[in-house]
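Residues in the sequence shown are numbered from 125 upward in steps of one, following the numbering used here.
Below: the structure, in structure tokens.
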Amino acid sequence: MRNLPQILIDDFHVLGKNMPDAIALEVNGKKYSVHYPADTPLLYVLRDDLGLTGTKYGCGEGQCGACTVLISGAPRRSCQISVSSIAGRSITTIEGLEKDGHLHPVQQAFLDAGAFQCAYCTSGMIMSSVGLLRTKPKPTAAEIMQFLQGNICRCGTHPRILEAVNNAAQALREQNP
Ligand code: FES
125 MRNLPQILID DFHVLGKNMP DAIALEVNGK KYSVHYPADT PLLYVLRDDL GLTGTKYGCG
185 EGQCGACTVL ISGAPRRSCQ ISVSSIAGRS ITTIEGLEKD GHLHPVQQAF LDAGAFQCAY
245 CTSGMIMSSV GLLRTKPKPT AAEIMQFLQG NICRCGTHPR ILEAVNNAAQ ALREQNP
């Protein structure tokens, strides 16, 4: 029962339901076993159970991009994905980008460009940008804007976000010529 929020434990006791089956997850290279109803959004499990609160809850409806994580390397809205549907697949959150004490080049570029104000959208922006640069190492400004359209920044930091993604693309190309 350790991985189940108290409210769900109470619910299962009151209704006499069985514990949900264990679901195996691989997050940031670590393996976890969690017990949640199959349709629970991945976002809730990441934040409430695994303590990975860098992934943000914005709209909860797939519209803002704040909850973006990588599933097998592709950016996905974790509020719209059931935890059971990604069992066994590789999940990366913002906490998993840093390696050996070094920020990922996209994280570093956002920091260097000051590409945030309130920063609520930043994790999602960075995860989407990492996904973009994996498939398109030299995107045009128009392609970056198009790709990040689903990530909302209410502060209007878009020019600096664009600069950061451009700089990150260049840094990644220099790392992997
Ligand atoms: Fe998932 Fe807004 S919280 S898209």
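For glycine and all other residues, C-beta sits at the position ideal for the given N, C-alpha and C.
Going by C-alpha positions, residue 193 is about 6 Å away from residue 199. If you compare the alpha carbons of 222, 183, 239 with that of residue 204, the shortest gap goes to 183. Remark: C-beta atoms of residue 272 and residue 249 approach each other more closely than 8 Å. In the DSSP assignment, residue 282 falls within the alpha helix (DSSP H) that extends over 282–299. Minimum Cα-Cα distance from residue 145 among the listed residues 166, 274, 162, 171 corresponds to 162.
Distance check between residue 253 and each of 269, 243, 244 places 269 closest, using alpha-carbon atoms only. Residue 185 sits in coil when the DSSP states are folded into three classes, being neither helix nor strand. Excluding sequence positions up to five before and after residue 242, its CB lies within less than 8 Å of the CB of 278, 279, all in the same chain and listed in chain order. For residue 184, the shortest C-beta to heavy atom distance toward ligand 1 is below 7 Å.
Excluding five sequence positions before and after residue 169, the CB atoms of its chain that fall closer than 7 Å to its own CB belong to 158, 160, 207, given in chain order. Per DSSP, residue 199 lies in no alpha helix (DSSP H) segment; the continuous beta strand (DSSP E) that holds it begins and ends at 198–201. Residue 247: not part of any beta strand (DSSP E); member of the alpha helix (DSSP H) spanning 246–259, first to last residue.
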